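Peer 1:
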Amino acid sequence: TAMSVDEKFCLSEVLDTFKSCLTENKEVIIDKYVAGWRGLVRFMNSLGSIFSFISKDAVSKIQIMVNLRNGENGEQYFTIQSMVKYELDNGLVDTTKRGSHPDSGCRTLLRLHRALRWLELFLERLRTSAEDSKTSVMCSEAYSESLAQFHPWLIQKAAGMAFCALPGRLTFFEVMNVGSPEQVVAMLGEALPLISEVYQITEDLYAKHDLLGIP
Ligand code: 1PX
239 TAMSVDEKFC LSEVLDTFKS CLTENKEVII DKYVAGWRGL VRFMNSLGSI FSFISKDAVS
299 KIQIMVNLRN GENGEQYFTI QSMVKYELDN GLVDTTKRGS HPDSGCRTLL RLHRALRWLE
359 LFLERLRTSA EDSKTSVMCS EAYSESLAQF HPWLIQKAAG MAFCALPGRL TFFEVMNVGS
419 PEQVVAMLGE ALPLISEVYQ ITEDLYAKHD LLGIP
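Take the working numbering: the last position of the sequence shown gets the number 453, and nothing is skipped along the way.
(1) Quick test of your reading: Tyr315 and Ile268, contact by CB under 8 Å. State the CB separation rounded to the nearest angstrom.
(2) Using the rule of at least 16 other Cβ atoms within 10 Å of the residue's Cβ for burial, across every protein chain shown, is Leu203 buried or exposed?
(3) Can you say whether Glu358 is buried or exposed, counting buried as having 16 or more other CB atoms within 10 angstroms of its CB?
(4) Please return the same chain residues whose Cβ sits closer than 8 Å to the Cβ of Asn328, not counting the five positions on each side in sequence.
(5) Counting C-beta neighbours from all protein chains within 10 Å, is the total for Trp275 16 or more, i.e. buried, or is it exposed?
(6) Quick check: the segment 247-266 against the segment 428-437, are there 3 or more CB pairs under 8 Å?
(7) Between the C-alpha atoms of Phe411 and Ser284, what's the straight-line distance to the nearest angstrom?
(8) Using a Cβ-Cβ cutoff of less than 7 Å, which residues in the same chain neighbour Glu383 once the five nearest sequence positions on both sides are dropped?
(9) Taking only the alpha-carbon atoms, compute the straight-line gap between His351 and Thr440 and give it to the nearest angstrom.
(10) What is the DSSP secondary structure of Val266, counted as helix, strand or coil?
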């Protein structure tokens, strides 16, 4: 049956997608990585239209990756590792200044990768938060420690305003649709190590090839 748009979905399924990213030899499968982001964007959209400027950017980056996968060299984009090798070997990345490859896979994925660090920090704060903690504060702290340094002032201000619209901790947990707060905390405890692993593998790969600063 066709998936209905308002179908209840469960955030643990989304986070499981990141678990399924890794192959036996610790390569990151792009289709799964992108599917994880798609689920997160769906979740964010369910929180309200104030987040739509964020989801628009995320969706356009997801779409770039999907197009590369569907393109004539799609099989080169099976894993992040194969993508990096293919794009570097063929001069398809502008590594130091903007040029003729503004939509390279390496550049686009780096943006999602930086956002994954935000996710890791935010989920860790949620996991260890006290009952009276504010999601908006947790979210903006995670943002300041990660993505903010890559964003111009205007985006930082807009993001800060959007964070203020986040629901309180309990409502947020309910929207996640995982179960009781205790179950949410347990689920986060299981999901986080895998998200961290995917993040770290990508970070090391990009560092090795000096790709962490792609403009
Ligand atoms: C249980 C928690 C689940 C929460 C799921 C939330 C999913 C959030 C998805 C956010 C993806 C953001 C990707 C941003 C990529 C980016 O940095 N783009 C910028 C640079 O791109 P460029 O091509 O110009 O180099 C671009 O300028 C970004 C613009 C939009 C603003 C980005 C603000 C990011 C804030 C991230 C936190 C989302 C808060 C959601 C709260 C639930």
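Built from N, CA and C at the ideal position, the CB exists for glycine as well. Here the structure is a predicted model, which is why all the values come from computation and not from measurement.
Peer 2: From the atom records:
(1) With a Cβ gap of about 6 Å, Tyr315 and Ile268 count as contacting.
(2) Since the displayed the chain opens at 239 and closes at 453, residue 203 lies outside it and no answer follows.
(3) buried
(4) none
(5) buried
(6) Enough Cβ pairs lie closer than 8 Å, so yes.
(7) A direct Cα-Cα distance of roughly 13 Å separates Phe411 from Ser284.
(8) Leu359
(9) 7 Å
(10) strand
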